[in-house]
Structures are given as C-alpha cells and as structure tokens.
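Residue numbers (the working numbering), protein chains in the order written: chain A, 311 to 448; chain B, 311 to 448.
By construction, the Cβ of each residue, glycine as well, lies at the ideal position given by its N, Cα and C atoms.
Accompanying notes for the structure given below.
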DNA sequence: TCGAACCGTGCCACGGATGTGAAGGTCAAG
DNA sequence: CTTGACCTTCACATCCGTGGCACGGTTCGA
C-alpha cells in the first residue's frame, strides 16, 4: 500500500505520515522505485498513534511504548528486552497511572458540580423557562 | 503575600506565576506600589494547575474548569451559571472520559505486556535471580 | 507519447502551547 | 547608596502538527 491510500484510510495526509515516520512512529518499507510501502497494520497503528496524541501523550513517549503494544501479541519477542526497557515501561506505566488518577479526580469534580447544579435548581425562577424545556445537550 | 513567597511555596518561579496570570489561571490583586498581592488560596490553586498541566490538560481547558473546582464547595454560586457553561462542562466531562479511557486502555496494555514478560521468563537462565524476590513497583 | 496524478526530498514558515531569559526601570529597606 | 525583590516588555527555545514550494522521478491511462 502506498502513502496516498494510507492517508485516505487514516484520514490524515501524506505529509503527516512522513512526519510520523520522521518521528519514528511508523517505519514503512521501500519499493524499488523509492516509494514507501506500507502494510495493513500501519493503518491501525496510525490510528492508535493519533488516539494517543489526542489523549495528550507526546510523541516521544508514544515512540517508546508503542513497540510493546502494536506488534501482534502472539509472536512473543520477549527475547531482546533489556532490563532498561523494562524499567522504562514500568516508569511509563506509573506515569500513566498518575495521569489517569489526576484526570479521574478532576472529571469527578466536574461531575459532582454538574450533579449539584442539576439538583440545586435547574431554573431559579428567574425568568428562564421560555426556550424549549428540554435541553438537548449540544 | 507577594510573588516571591508564592513562588517558593509552590515550587515555581515568579516568572511562571506571571505567566499563569497572563494565561488567566490566577488573578492576584495589586498593592498600591504595583506589586501583585496573592491570597492564601493561590498556593493551592497553583498546585492544582500544575497537576492538571502535568496530566496533559491544556491551559485553555484548565481555565474553564478551574472556576468550578477551586472555589470552596460551600458557597454555592450556582446562580450565574448559564446553559452555555453547563454545556461546556458536560463537553469537557466527556472529553476527560475519553481521555481517561484511552490512557487506561494503553496503560493496561503495558501492564499486560510487563506481566507476560515476568511470567515468560524473568531471566532466561542467564544469571539473574539475585535481587529481592518481591518486586516493589517503582 | 504525453499529461495527470502520484511519490520522493528538502526546506522554510506558521501557529499555538509551555515556558525561560534578559534588559531596563521602580520600590523598600539596611 | 546599594541590594534585592518587584515591575514590564520583548525575545527565544522547544514541541507538535501542518502547510507550502521547488524540483525531480514514476505510473498509468487516454
């Protein structure tokens, strides 16, 4: 598969795919004519990268955790794992946990606030009930 | 309290506090001589901001959710909440959920990988079993 | 065979985010 | 007066994601 098709299927652009390659996030092969040659997996991989980026992870980090996530689980390439790699992963694992915890705490705070709002008075009799009584959330 | 003390107590710098102010994250008063005047709450607020930033939230977002989180829960200032604000909060709530979900999924993938590693062969008879048998995480 | 569409490289630049640094002036106190 | 904390403003650095342009090679169909 060539770059254009991958771009279409991942809703990105060739430009961005080359950028990701430069960042070490994907590593396509090359055809004889110099064209990049992508396999099927790339599409999923790119999607995962994008998802992680949207979640706020920097590419640096993604580069490091992706190898352990993307390749098929079956083929156990546990052989080449150095203790350093393990330490790195454990560190990232902890980092992610901290991040998740923080986000969860704050999400819950927002949730609680919203709940309180709804209970305390959806319309303080001010003059409001004029629009459609049902508030379609966006 | 002046900027230097806040900086010390939040482990930041005056520079950064001015920056946060420019971003709308804090809003100190001013003394007659032009010096910024911070109240006690600022310290906690700054800490929370930093935490959220570390968790990967952009300041834009923090600016908007912070007002609902920081001020004391008792004094219910539910009065001035427009429907727009509520919608905004709901949106952010959803966004946070998505983010958390994504991070959780990937953290678990890392966790699973690590577990598999440990089970498959902590040391392929190379020379390892020497450290404390219990792995204190981190 | 010719052109269009595609791919390649390299480079420059923008825009926003999070900061940091430095210059130059003011204020308060020893 | 000198020192240190504070003020403002301009600039710079980095990262991430993009866009653009130039310039050349490849593929494919009319």
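For residue 408(A), there are no CB contacts under 8 Å within the same chain when 5 residues up- and downstream are skipped.
For residue 414(A), the chain B residues whose C-beta falls within less than 7 Å of its own C-beta are 410, listed in chain order. Identification of chain B residues near residue 362(A) by a Cβ-Cβ cut-off of 8 Å yields 412, 416, ordered along the chain. Looking from the CA of residue 394(B), the closest CA among 392(A), 424(A), 377(A), 351(A) belongs to 424(A). Segment contact: the segment 322–336 of chain B against the segment 369–380 of chain A, fewer than three CB-CB distances shorter than 8 Å; contact not assigned. The Cβ atoms of residue 398(B) and residue 417(A) do not sit closer than 7 Å to each other. Contact between residue 320(B) and residue 370(B) does not hold, since their C-beta atoms are separated by about 21 Å, which reaches or exceeds 8 Å. For residue 314(A), the enclosing alpha helix (DSSP H) begins and ends at 313–320.
Judged by beta-carbon spacing, residue 413(B) lies beyond the 7 Å limit of residue 419(A), meaning their Cβ atoms are not closer than that value. Of all alpha-carbon atoms in 360(B), 317(B), 312(B), the one lying nearest the alpha-carbon of residue 342(B) is that of 312(B).
Using a Cβ-Cβ cut-off of 7 Å, residue 423(A) counts as an interface residue toward chain B, since at least one Cβ of chain B sits closer than that to its own. CA-to-CA, the gap between residue 350(A) and residue 314(A) works out to about 13 Å. When DSSP states are grouped into helix, strand and coil, residue 354(B) belongs to the helix group. Beyond the five residues adjoining it in sequence on each side, residue 325(B) comes within less than 8 Å, by CB distance, of no other residue in the same chain. 421(B) is the residue among 402(B), 400(B), 410(B), 421(B) whose C-alpha sits nearest the C-alpha of residue 404(A).
A Cβ-Cβ distance of about 6 Å is found for the pair residue 346(A) and residue 340(A), placing them in contact under the 8 Å criterion. Chain order gives the chain B residues near residue 402(A) as 420, where near means a beta carbon separation below 7 Å.
Annotation: residue 338(B) is outside any alpha helix (DSSP H) and is labelled neither H nor E by DSSP. From the beta-carbon of residue 336(B), no residue of chain A is found nearer than 8 Å; the closest lies around 17 Å away. Spanning the alpha carbons of residue 334(A) and residue 344(A) requires a straight line of approximately 18 Å.
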